[in-house]
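J.: Residue numbers (the working numbering): -2 to 572.
Before anything else, here's the structure in question.
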């Protein structure tokens, strides 16, 4: 492999560090020992584990120093990087190839030249114009200074007040869900407020509802469909934060409010320099991380990248893509022709031992992109069910239907479980990036041993179910269709579980129960002029029943996808 030829005294300036900027600077150094590399960081910390901050606030991480992945001193010693913290870049002169910098410690301003400029400016918390949003005790979380501020406020360090007892977390995304968990672990009474109908917009409703119910069982009050109207001075003299007023008039007293209302690209610097932005304010880059300005590159949360599933563009604020973009940016800057394939959005959140993970498109994403699709819901075990400790995974896979060569291609997947959910989604993410079809998923050769897996992995099973659907062996209906079907006189719901199972978890009051073991001998009890929807606990016996009926002359048969286990977790369920 040929080595990269160094350009004498190449001057690379990186604005912002953390995931994208720091990885870019480190990669430049590994490729070019003679380059002058300067990192200009507005904050105190050039390289820190921002994803670990909630866990320090909650006490799961006890050593704050471990969140400082690198310091200016270690970056200088290991990589010979000139790291300047508390250095705010005020402007970019694209024509002169300089940036204007202010030292926040001294107020001194100076001009810094560059040969190549990398913008790793990240995203900033979204703070909508809600009355009172800037009240004391309303705190966002972006960096270690914010983290310290939250820790101090919760402990009562602000103004000598008593430790916080109540908290409202505004927003049900990653930060909101993680902070709700961690504040609860610290002993606070926590209410999570979300304006949308569900938590975690990357998930579909039936998947997100599992997370919500788990949090509620642990003692967190979750209020969806609850936009915040205002933050008011506390009516209770014992509260030292705000009263959070919701759109329906409800008022919640909070000693501390965590503002997790989303993020927006911190792209003002690029805009003022004339660098092209999208309508949503993200920096436009090509597939090599170049911006519209010569010798200016951008990576991380401030850019918009290709969505490989739709062919469009989207913003994905995740550390993994930012790290890879930083590395690729450095490679291309130094002559390696790397092309970024796009971001698939693979992510996970853990709450009270339950992991929810996803990759690719959800149903809403498919609908917005007008992509024909179908879903598979299943509930496999994390490893061989007969081996002790097996946990159920609620798994959903989305694949392409319609016409053309892409039929059967994987589009996305979601999983929730105490064990195995992230493993399944990592496999789906790999398959998604490889452009695999459900037929190929069914044939994946994955490792198996009873303590760690099953002979048919969850990914295999999802592929096999989808394969049967595409082959016409079964048609399905979704949980969201059940109530309408139950009210239709032209439909019979057929529950093929045992009688004791039906008593414990009824499908619907109108459903007819014939256990699968008795079905072949009782076919005469079923109407041949109606649509028959089969169901069981998780979908497998319903599928068996559908195959019996379809091969016994019943022309209109469908199986309830995911069956009762999916239905009981859905937003429509009344449990």
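From the three backbone atoms N, C-alpha and C, an ideal C-beta is built for every residue, glycine too.
Under a three-way DSSP split, which group does residue 374 fall into?
T.: Here the question's residue 374 lines up with position 377 in the chain shown. Residue state, collapsed to three classes: strand.
J.: Pick out the complete beta strand (DSSP E) segments inside the region 137 to 186, 3 residues or longer, and give them in chain order.
T.: If we require 3 residues or more, the beta strand (DSSP E) runs fully inside the region 137 to 186 come out as 163 to 167.
J.: Near residue 550, what residues of its chain come up, given a Cβ to Cβ distance below 8 Å and the 5 sequence neighbours on each side ignored?
T.: As a first step, residue 550 must be located in the chain shown, where it is residue number 553. Hits under 8 Å: 525.
J.: Taking the alpha helix (DSSP H) that residue 481 falls in, what are its first and last residues?
T.: By one-based count along the chain shown, residue 481 stands at place 484. Segment 479 to 483, the alpha helix (DSSP H) holding residue 481.
J.: Report, in whole angstroms, the separation of the C-beta atoms of residue 483 and residue 422, which I expect to be a contact under 8 Å.
T.: By one-based count along the chain shown, residue 483 stands at place 486. By one-based count along the chain shown, residue 422 stands at place 425. That belief does not hold up - the Cβ atoms of residue 483 and residue 422 are roughly 33 Å apart, past 8 Å.
J.: What would DSSP say about residue 435, mapped onto helix, strand or coil?
T.: To locate residue 435, count along the chain shown from 1; it is residue 438. If DSSP states are grouped into helix, strand and coil, residue 435 belongs with the helices.
J.: Looking only at its chain, what residues have a beta carbon closer than 8 Å to the beta carbon of residue 567, apart from the 5 residues adjacent to it on each side?
T.: Counting from 1 along the chain shown, the entry for residue 567 is found at position 570. If we look at residue 567 and ignore the five residues flanking it on each side, its Cβ neighbours are 202, 203, 206, 476 and 477.
J.: Tell me whether residue 178 is buried or exposed, calling it buried when 16 or more other Cβ atoms sit within 10 Å of its Cβ.
T.: The sequence position of residue 178 within the chain shown is 181, counting from 1. Result: buried.
J.: Throw me the rounded Cβ distance for the residue 397 and residue 370 pair, which I believe falls under 8 Å.
T.: For the purposes of this step, residue 397 is taken as residue 400 along the chain shown, with counting starting at 1. For the purposes of this step, residue 370 is taken as residue 373 along the chain shown, with counting starting at 1. Indeed they touch by this definition, with Cβ atoms about 6 Å apart.
J.: What span of residues does the beta strand (DSSP E) with residue 457 cover, start to end?
T.: In the chain shown, counting from the first residue as 1, residue 457 sits at position 460. Unbroken run through residue 457 is the alpha helix (DSSP H), 455 to 467; no beta strand (DSSP E).
J.: Once the 5 residues before and after residue 22 are set aside, which same chain residues still bring their CB inside 6 Å of it?
T.: Taking the chain shown and counting its residues from 1, one reaches residue 22 at position 25. If we look at residue 22 and ignore the five residues flanking it on each side, its Cβ neighbours are 11, 34, 36 and 78.
J.: Once the 5 residues before and after residue 282 are set aside, which same chain residues still bring their CB inside 7 Å of it?
T.: One-based indexing of the chain shown puts residue 282 at position 285. Same-chain partners within the cutoff: 288, 295 and 300.
J.: Which whole runs of the alpha helix (DSSP H) in the region 396 to 435 are 4 residues long or more, in chain order?
T.: List check, alpha helix (DSSP H) in window: 418 to 430.
J.: May I ask you to report which of helix, strand or coil DSSP gives residue 345?
T.: The sequence position of residue 345 within the chain shown is 348, counting from 1. Reduced to three states, the DSSP call for residue 345 is strand.
J.: Three Cβ pairs or more, each shorter than 8 Å: is that satisfied between the region 211 to 223 and the region 93 to 113?
T.: Because the criterion of three Cβ pairs below 8 Å is not met, the region 211 to 223 and the region 93 to 113 do not touch.
J.: Using DSSP with H/G/I as helix, E/B as strand and the rest coil, what is residue 513?
T.: What you label residue 513 is simply residue 516 of the chain shown in a count that begins at 1. The answer is helix: DSSP assigns residue 513 an H, G or I state.
J.: For residue 532, which three-state DSSP category applies?
T.: In the chain shown, residue 532 corresponds to position 535, counting from 1. In this structure, residue 532 counts as strand in the three-state DSSP scheme.
J.: Looking at C-beta atoms only, is the number of pairs between the region 452 to 471 and the region 487 to 506 that lie closer than 8 Å three or more?
T.: Counting Cβ pairs under 8 Å, fewer than three are found: no touch.
J.: If I measure Cβ to Cβ from residue 417 and keep anything under 6 Å in the same chain, skipping five residues before and after, which residues do I get?
T.: Position 420 of the chain shown, counting from 1, holds the residue named residue 417. The residues are 379 and 390.
J.: Would you check if the distance between the CB atom of residue 15 and the CB atom of residue 47 is smaller than 8 Å?
T.: The residue given as residue 15 occupies position 18 in the chain shown. The residue given as residue 47 occupies position 50 in the chain shown. Contact flag set, yes.
J.: Would you call residue 24 buried or exposed, if buried means 16 or more other Cβ atoms sit within 10 Å of its Cβ?
T.: As a position in the chain shown, residue 24 is number 27, starting the count at 1. That one is buried.
J.: From the DSSP output, read off the bridge partner residues of residue 99.
T.: One-based indexing of the chain shown puts residue 99 at position 102. Answer by DSSP bridge pairing, in chain order: 85 and 106.
J.: Classify residue 356 as buried or exposed, calling it buried when 16 or more other Cβ atoms lie within 10 Å of its own Cβ.
T.: Looking up residue 356 in the chain shown gives position 359. Buried, since its Cβ has 16 or more Cβ neighbours within 10 Å.
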